[in-house]
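Quick note on our numbering: the sequence shown kicks off at 9 and runs consecutively.
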Amino acid sequence: MIWHDGLPDLARANAFGADSMAGHLGIEFTAVGDDWIAARMPVNAGTMQPYGRLHGGASVALAETLGSVAGAMTVDPAHFAAVGLEINANHVRPAGAGWVTATARPEARGRSTQVWSIRIEDEAGKLVCISRFTVAIIPRDRGAPAT
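Okay, structure coming up:
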């Protein structure tokens, strides 16, 4: 298992970002396993582009939210914070109204950096976006806010 303190508490993960972008986009953490975590996001007026499809920026926000929370849950939060360093995304197919689900899995977990792959799928299980997210692990004494 990759998690710092056992399987993450999904209620805590959902409460942590409730007043941030994640909450405004409707992102909900839904499931967790030994080496993965999943969240979903509605595809609605708040996350769509004017053409009625999921906005690519919303997909990237979902991927970064999931990767950041996943990274944070693998380290001791009393001493370390996980912050985004780089993200890329390939938008493979459009998603219409409904929900998309993202699953994050680690590709590499070092002492100071982590790399996560995040797959975003539509309700039919078809790939919408694949993202790779690099996380920096920084000591709390470098100005990271407490959680």
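Using N, Cα and C, we set each Cβ at its ideal position, and we do this for glycine too.
In DSSP terms, what residue i is bridged to
i              : result
isoleucine 146 : Ala89
glycine 14     : His12
Distance CB(residue i)-CB(residue j) smaller than 9 Å
i                 : j             : result
phenylalanine 141 : isoleucine 95 : yes
alanine 39        : serine 67     : no
alanine 105       : glycine 41    : no
leucine 70        : leucine 18    : no
Neighbourhood of residue i by C-beta, 8 Å cutoff - its chain only, sequence neighbours within 5 removed
i             : result
glycine 79    : Ala90, Gln122, Trp124, Val143 and Ile145
aspartate 43  : Met9, Ile10, Arg113 and Pro114
aspartate 149 : none
CA nearest to the CA of residue i, picked from the options
i              : options                           : result
glycine 118    : Thr73, Glu131, Ile138 and Thr82   : Thr82
histidine 63   : Phe24, Ala46, Gly41 and Val108    : Val108
alanine 132    : Arg101, Ser120, Ile126 and Ala116 : Arg101
isoleucine 138 : Gly14, Phe24, Ala53 and Gly65     : Gly65
Beta-carbon proximity list for residue i, same chain, < 6 Å, skipping 5 on both sides
i             : result
alanine 30    : Thr73
valine 77     : Ala21
isoleucine 45 : Ala78 and Ala112
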